[in-house]
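The structure under discussion appears below in the form of structure tokens.
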Amino acid sequence: MSTTDDSPSIVATSLAVGYGHRPVVDGVGFTLFPGQMLVLIGTNGSGKSTLLKTLAGLLVTQGGELSVLGGRPGTQPSRVAYLPQHPVSSHTLPLRVEDVVTMGRFARRGLFGRLNDDDRDAVARSMQRTGASAYAQRPLRDLSGGQQQRAHLAQVLARGAEVLLLDEPTAGLDVAGRRLVADLVEEERARGVTVVMATHELGDAETADAAILLAQRVVAQGSPGEVLTDASLREVFGFTQPH
Amino acid sequence: MDFLFGPFTDNEFLRLSLVATCIVAVTCAIAGAFVVLRGLAFVGDALAHGVVPGVAIALLAGFSGVLGAAIGAAVMMGGVGVVNRRFRLSNDTAIGLLFVGMLALGVIIQSRSESFAGDLTAVLFGEVLGITWSDIAWQVVALVVVAGTAWVCRRPFLLLSFDEGLAATSGFSVRRFANILLAMVALTVVASFQTVGTLLVLGMLVAPAATGALFGRRILTVVAIAAVVGVVSSYVGLLLSYHADLAASASIVLTAVVVFALAASIVEIRRWLEHRRDIHHLHDHPHFHEHVHH
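Chains H and Y supply the protein sequences, listed in that same order. Position 30 (the first sequence) corresponds to 30 in my numbering; numbering is contiguous. Position 62 (the second sequence) corresponds to 62 in my numbering; numbering is contiguous.
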């Protein structure tokens, strides 16, 4: 089930994704190797989150082939980390940020494994990297949306995964936060982590290896230069990028 | 001192009641912490009412009320699952349907039997002053099972409280652990209804745990605060009931709710004081004030 540097992290062939038996998007195809990044761009409801949830194993594939780290999606929880859009519970959860970030290590320890020094180091390091260590002892619900998002990012990083699936990771973040996410993604890629990121920011595609433009169908997929053309952007968003 | 302890040293039935309510308080604190964190109060209420027809049928047919309650809770849980999954209705609609249906069934069964009115009152409001040692033994078993389940499943339960997607992508089956959590709440309800009654058990599940969630920052702290609040409410409620001749289980639950109201007031006052301190800080540092606003 493991992959080497030569083998792809994610392979999707003629993939169809959706809810129940209703495909939202089909014809998705890409291959990502360790350290590469794919960005999913599209309007609200275009299928970005559906595709990410399918990669995470939360939704079953509607058709085509999908392999994540050489196996079925969702079968290797300690090697794949998924950042969902802002969980509603964040507004009510009384637990400390440190404990919420520690949840990111549960995939590695399962029901009975004791949390050890490696886990504590991973939690501390990820909070430091995201700036969440400044409020590690505060309850999650007392934080601003941006601070909560940094805590969620720390939780995802704490897993030490080989594949990161990020659903709008810059949502609710200020300029510094957005810069931080970009830097974190680059650091993760440098250590061989494969990243798939749903985003509204066209700028996020600049450093990506591949992009998919979605509008409840695949409008374009390939390298960012091939995908984000004036024609395709006008078709999806009704405007083009300023040159 | 006699006012505080006399009732319990002089009356064995009251000592038994105190022991039983304290066990129920700790069991409810453990299950209640996850009920509050995961937002299951409505499910807890539905389970509490779902046991009514089960107990009613058990008493009419002459078998154990606890067994009847367990069957009622199981039917309630299964029914919610079926309505929810098969008919694609939201969880609260499914729960609401089963909730009123089971309660109505319990009342109809009661209405068919003249001699049953007193028993139903005991089911709805508890029989805290009629507790026996065998009831307590059964409650201890339930406490051990609930505590053991919560300890073993604390990680998936916490993940479910945070985000179901995170639980699933961490390798824990959402359906399996959500069902285990529901079963744990159902066991708590079944173990508690004899003491505080099916109408009031939700109060013991939610009020102490909600107080715990106001101050606790870790799940163990939330449970510990909830247990202390539950035990203190049991003692104060029984004492009030003895001296003022009030309904015992209602006094216990009302005390727990009043404790929550007092705790919430303290939190609000603390927030207000902190806000005032921040305002004064801005007035005392006008440069900072200008910097902030310009």
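Note that beta-carbon positions come from the ideal geometry of N, C-alpha and C, so glycine has one too. Small disclaimer: the values here were computed from a predicted structure and weren't measured.
| task | Give the straight-line distance between the Cα atoms of phenylalanine 172 of chain Y and aspartate 284 of chain Y, rounded to the nearest whole angstrom. | result | Within the second sequence, the letter at position 172 stands for residue 172 of chain Y. Within the second sequence, the letter at position 284 stands for residue 284 of chain Y. Looking at the two C-alpha atoms, the distance is approximately 53 Å.
- Item | Buried versus exposed, by CB contacts within 10 Å (16 or more), glutamine 62 of chain H | The residue given as residue 62 of chain H occupies position 62 in the first sequence. Classification for glutamine 62 of chain H: buried.
Fill in: Option in H:Tyr19, H:Pro34, H:Glu235, H:Leu83 with minimal Cα separation from serine 170 of chain Y
Translated into the one-based positions of the second sequence, residue 170 of chain Y becomes position 170. With distances taken between Cα atoms, serine 170 of chain Y lies closest to H:Leu83.
- Task: Taking 7 Å as the cut-off, decide whether the C-beta atoms of threonine 211 of chain Y and valine 236 of chain Y are in contact.
- Result: If you number the second sequence from 1, residue 211 of chain Y lands on position 211. If you number the second sequence from 1, residue 236 of chain Y lands on position 236. The answer is no: Cβ separation not under 7 Å.
Fill in: Residues bridged to alanine 211 of chain H [DSSP beta-bridge criterion]
What you label residue 211 of chain H is simply residue 211 of the first sequence in a count that begins at 1. In the DSSP output, where bridge partners are listed per residue, alanine 211 of chain H has H:Val39, H:Gly222.
Exercise for the section: Starting from methionine 197 of chain H, follow the beta strand (DSSP E) in both directions and report where the run begins and ends. Expected result: Position 197 of the first sequence, counted from the start, is the residue given in the question as residue 197 of chain H. Run containing methionine 197 of chain H: 194-199, per the beta strand (DSSP E) assignment.
Q.
With DSSP as the reference, identify every bridge partner of proline 23 of chain H, one or two as the case may be.
A. Looking up residue 23 of chain H in the first sequence gives position 23. Proline 23 of chain H pairs with H:Gly18.
In chain Y, what lies closer than 8 Å to methionine 127 of chain H by C-beta? Numbered from its first residue, the first sequence carries residue 127 of chain H at position 127. What methionine 127 of chain H touches in chain Y: nothing, since even the nearest Cβ is about 16 Å away.
Discussion item. Is there a Cβ of chain Y sitting closer than 7 Å to that of valine 236 of chain H, yes or no?
Written reply: In the first sequence, counting from the first residue as 1, residue 236 of chain H sits at position 236. It does not; no Cβ of chain Y falls within 7 Å.
Strictly under 7 Å for the Cβ-Cβ distance: is proline 77 of chain H near chain Y by that measure?
For this step, residue 77 of chain H is matched to residue 77 along the first sequence. When Cβ-Cβ separations below 7 Å define contact, proline 77 of chain H makes contact with chain Y.
| Bounding residues of the alpha helix (DSSP H) (the contiguous stretch that carries leucine 160 of chain Y) | In the second sequence, residue 160 of chain Y corresponds to position 160, counting from 1. In the DSSP assignment, leucine 160 of chain Y falls within the unbroken alpha helix (DSSP H) covering 154-162.
Legend entry - Sufficient close CB pairs (3 or more, under 8 Å) joining the stretch 8-15 of chain Y to the stretch 141-159 of chain Y: The answer is no - the stretch 141-159 of chain Y does not touch the stretch 8-15 of chain Y, with fewer than three Cβ pairs under 8 Å.
Report, in whole angstroms, the separation of the C-beta atoms of isoleucine 30 of chain Y and valine 146 of chain Y, which I expect to be a contact under 8 Å. Here the question's residue 30 of chain Y lines up with position 30 in the second sequence. Here the question's residue 146 of chain Y lines up with position 146 in the second sequence. Indeed they touch by this definition, with Cβ atoms about 5 Å apart.
Check distances from the C-beta atoms of the stretch 259-285 of chain Y to those of chain H and list, in chain order, the residues that come in under 9 Å. The stretch 259-285 of chain Y vs chain H, Cβ under 9 Å: nothing.
Would you mind sorting histidine 294 of chain Y into buried or exposed? The rule is 16 or more other CB atoms within 10 Å of its CB. As a working mapping, residue 294 of chain Y is identified with position 294 in the second sequence. Only weak support is given to the placement of histidine 294 of chain Y: the predicted model assigns it a pLDDT of 36, under 50, and the value that follows is read from those uncertain coordinates. Exposed is the call here.
Does histidine 243 of chain Y get closer than 7 Å to chain H when you measure Cβ to Cβ? For the purposes of this step, residue 243 of chain Y is taken as the residue at position 243 of the second sequence. Under the 7 Å criterion on CB atoms, histidine 243 of chain Y is classed as non-interfacial with respect to chain H.
**Study point:** Proximity test, Cβ basis, 7 Å: glycine 171 of chain Y and chain H
**Key:** Taking the first residue of the second sequence as position 1, residue 171 of chain Y is located at position 171. Answer yes: the Cβ-Cβ gap between glycine 171 of chain Y and chain H drops below 7 Å somewhere.
message = Against chain Y, which members of the stretch 10-38 of chain H pass a CB distance test of less than 8 Å?
response = Within the stretch 10-38 of chain H, no residue has a Cβ that lies closer than 8 Å to any Cβ of chain Y.
**Q.** chain H residues whose Cβ lies nearer than 7 Å to that of arginine 218 of chain Y
**A.** In the second sequence, counting from the first residue as 1, residue 218 of chain Y sits at position 218. Against chain H, the beta carbon of arginine 218 of chain Y has neighbours under 7 Å at Leu95, Arg96, Asp99, listed in chain order.
*Residues in the stretch 142-169 of chain Y having any Cβ partner in chain H nearer than 8 Å*: For the stretch 142-169 of chain Y, the residues whose beta carbon sits under 8 Å from a beta carbon of chain H are, in order, Val152, Cys153, Arg155, Pro156, Leu158, Leu159, Ser161, Phe162, Asp163, Gly165, Leu166, Ala168, Thr169.
Along the alpha helix (DSSP H) that carries valine 51 of chain Y, what are the first and last residues, could you check? One-based indexing of the second sequence puts residue 51 of chain Y at position 51. Unbroken alpha helix (DSSP H) run through valine 51 of chain Y: 41-61.
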